[in-house]
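Visitor: Residue numbers (this note's numbering): 25 to 317.
No residue lacks a Cβ here, since even glycine has one placed at the ideal position from N, Cα and C.
Predicted, not measured: the structure shown is a model, and the values here were computed from it.
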Ligand code: SAM
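1. Starting from residue 96, trace the alpha helix (DSSP H) both ways and give me its first and last residue.
2. Find the nearest neighbour of residue 175 within the set 98, 54, 110, judged by alpha-carbon distance.
3. Using only the alpha-carbon positions, how far apart do residue 290 and residue 220 sit?
4. Given 7 Å as the limit, tell me if residue 88 has its C-beta closer than that to any heavy atom belonging to ligand 1.
5. Between 168, 159, 97, which has its C-alpha nearest residue 140's C-alpha?
6. How far does the beta strand (DSSP E) with residue 183 in it reach, from first residue to last?
7. With a 10 Å radius around its C-beta and 16 neighbouring C-beta atoms as the bar for buried, classify residue 59 as buried or exposed.
8. How far does the beta strand (DSSP E) with residue 44 in it reach, from first residue to last?
9. Just checking residue 139 against ligand 1 - is the residue's beta carbon closer than 7 Å to any of the ligand's heavy atoms?
10. Quick one: measure Cβ to Cβ for residue 70 and residue 50, integer angstroms, because I've assumed they're closer than 8 Å.
11. I need the straight-line Cα distance from residue 211 to residue 254, nearest angstrom please.
12. Return the Cβ separation of residue 241 and residue 303 in integer angstroms, given the expectation that the two are a contact with Cβ distance under 8 Å.
13. For residue 147, which residues in the same chain have their Cβ closer than 6 Å to its Cβ, ignoring the five residues on either side in sequence?
14. Strictly by DSSP, which residues pair up with residue 36?
15. Flag this pair as yes or no: are the beta carbons of residue 280 and residue 247 separated by less than 8 Å?
16. Can you give the Cα-Cα distance for residue 91 and residue 177, rounded to whole angstroms?
17. What is the C-beta distance between residue 223 and residue 307, in whole angstroms, given that I count them as a contact (C-beta under 8 Å)?
18. How long is the line joining the alpha carbons of residue 80 and residue 98, rounded to whole angstroms?
19. Would you mind stating whether residue 142 and residue 162 have Cβ atoms separated by less than 8 Å?
20. Under the three-state reduction of DSSP, which class applies to residue 77: helix, strand or coil?
21. Could you round the C-beta distance between residue 292 and residue 278 to whole angstroms and report it? I think they count as a contact, below 8 Å.
22. Give every residue of the same chain whose Cβ lies closer than 6 Å to the Cβ of residue 285, excluding the five residues on either side of it in the sequence, and list them in chain order.
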């Protein structure tokens, strides 16, 4: 009874892995077979007609092109890492955003890609290898156990936090949608547990001493995992000198207006944009050292 949003007749997206191929060459190659154009908002992202199936294309198999949606591709771009930075990808597997970061950093600097689940660490390693991202160090670890005081992380300037979420922005269950039991107690409990983790992980990210930018994203449409999490960390974020900062100002869908500054964060729509994502960016203003809590 459930179907994927990707079954809808909407355009398909793919991201050129610029570690292996430049966008121009990818366009030349792909235009031999497909109608394809470049996305106006996300560099490196290509748009194909609905139902285009690129799974078996040699550029996908060789890791020159990644099948990645538009919303998902906006996250690393929003973080905007510079080539020589050190970056933590806190919840990294399967690694689509990790290798996007690597491409944006032109293979320089260092990405520490952290993943808790052992099986998923394997997938992360495979993605990193396929992408040819040599500046990624994969860590099988709980992000919450990575100490901000550890000298190994003293130079980390940016954190991408894409924590486990309900995934409610990626799949619609037709029955769930129609029934009043949509907010069944088990769902509420599950969402609350997820939100508690998401908040904890975001608070942890905020406590790293040299971090200047943190992007928080989910593929959930639930306010409890999105705006509520952001709102709950605002006092702590501000005590560390962080402010929410506008990403993709040209994008019309913004956060639910439940706190001052909700227009800084963005949402993508489950149906209109094919995936329901939420993205928020914190930037540390000024150079004052973080306050201890
Ligand atoms: N960013 C990934 C991408 O774009 O390919 C998707 C990340 S997925 C939404 C969340 C991941 O976080 C899962 O693989 C999960 O196992 C992992 N995870 C959950 N809790 C974690 C923790 N405490 N520390 C590190 N990783 C964790």
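Guide: On the basis of the data shown:
1. Taking the chain shown and counting its residues from 1, one reaches residue 96 at position 72. It spans 94-103 - the alpha helix (DSSP H) in which residue 96 sits, taken as one unbroken run.
2. As a first step, residue 175 is located in the chain shown; it is residue number 151 there, counting from the start. With distances taken between Cα atoms, residue 175 lies closest to 110.
3. Here residue 290 is taken as the residue at index 266 of the chain shown, counted from 1. Here residue 220 is taken as the residue at index 196 of the chain shown, counted from 1. In a straight line, the C-alpha of residue 290 is about 21 Å away from that of residue 220.
4. Sequence index remark: in the chain shown, residue 88 carries index 64 (1-based). Not under cutoff, so the answer is no.
5. Taking the first residue of the chain shown as position 1, residue 140 is located at position 116. Comparing Cα-Cα distances from residue 140 to each of 168, 159, 97, the minimum goes to 168.
6. Sequence index remark: in the chain shown, residue 183 carries index 159 (1-based). Note, residue 183: beta strand (DSSP E), 180-185.
7. Along the chain shown, one-based indexing puts residue 59 at 35. Result: exposed.
8. Here residue 44 is taken as the residue at index 20 of the chain shown, counted from 1. Counting along the chain, residue 44 falls outside any beta strand (DSSP E), and DSSP gives it neither H nor E.
9. On the chain shown, position 115 is the one that residue 139 refers to. Because some heavy atom of ligand 1 lies under 7 Å away, the Cβ of residue 139 counts as near it: yes.
10. Looking up residue 70 in the chain shown gives position 46. Looking up residue 50 in the chain shown gives position 26. The Cβ separation is near 7 Å, so the contact holds.
11. Taking the first residue of the chain shown as position 1, residue 211 is located at position 187. Taking the first residue of the chain shown as position 1, residue 254 is located at position 230. Cα to Cα, residue 211 sits roughly 21 Å from residue 254.
12. Residue mapping note: residue 241 aligns to position 217 of the chain shown, counting from 1. Residue mapping note: residue 303 aligns to position 279 of the chain shown, counting from 1. Between residue 303 and residue 241 the Cβ distance is about 5 Å, and since that is below 8 Å, they are a contact.
13. If you number the chain shown from 1, residue 147 lands on position 123. 117, 118, listed in sequence order.
14. What you label residue 36 is simply residue 12 of the chain shown in a count that begins at 1. In DSSP, residue 36 forms a bridge with 72.
15. Counting from one through the chain shown, the residue named residue 280 turns up at place 256. Counting from one through the chain shown, the residue named residue 247 turns up at place 223. For residue 280 and residue 247, yes; Cβs fall inside 8 Å.
16. Mapped onto the chain shown, residue 91 falls at position 67. Mapped onto the chain shown, residue 177 falls at position 153. The straight-line gap from Cα to Cα measures roughly 31 Å.
17. Working through the chain shown from its first residue, we reach residue 223 at position 199. Working through the chain shown from its first residue, we reach residue 307 at position 283. In fact, because the Cβ distance is near 19 Å, the residues do not count as touching under 8 Å.
18. The residue labelled residue 80 in the question sits at position 56 within the chain shown. The residue labelled residue 98 in the question sits at position 74 within the chain shown. Residue 80 and residue 98: Cα-Cα distance of roughly 25 Å.
19. Along the chain shown, read from residue 1 onward, the residue named residue 142 stands at position 118. Along the chain shown, read from residue 1 onward, the residue named residue 162 stands at position 138. Their beta carbons are not under 8 Å apart, which means residue 142 does not touch residue 162 by this criterion.
20. Here residue 77 is taken as the residue at index 53 of the chain shown, counted from 1. Correct three-state label for residue 77: coil.
21. The count along the chain shown starts at 1 and reaches residue 292 at position 268. The count along the chain shown starts at 1 and reaches residue 278 at position 254. Their Cβ separation, rounded to whole angstroms, is 11 Å, which puts residue 292 and residue 278 out of contact at 8 Å.
22. Stepping through the chain shown from its first residue, residue 285 is reached at position 261. The answer, listed in chain order, is 268.
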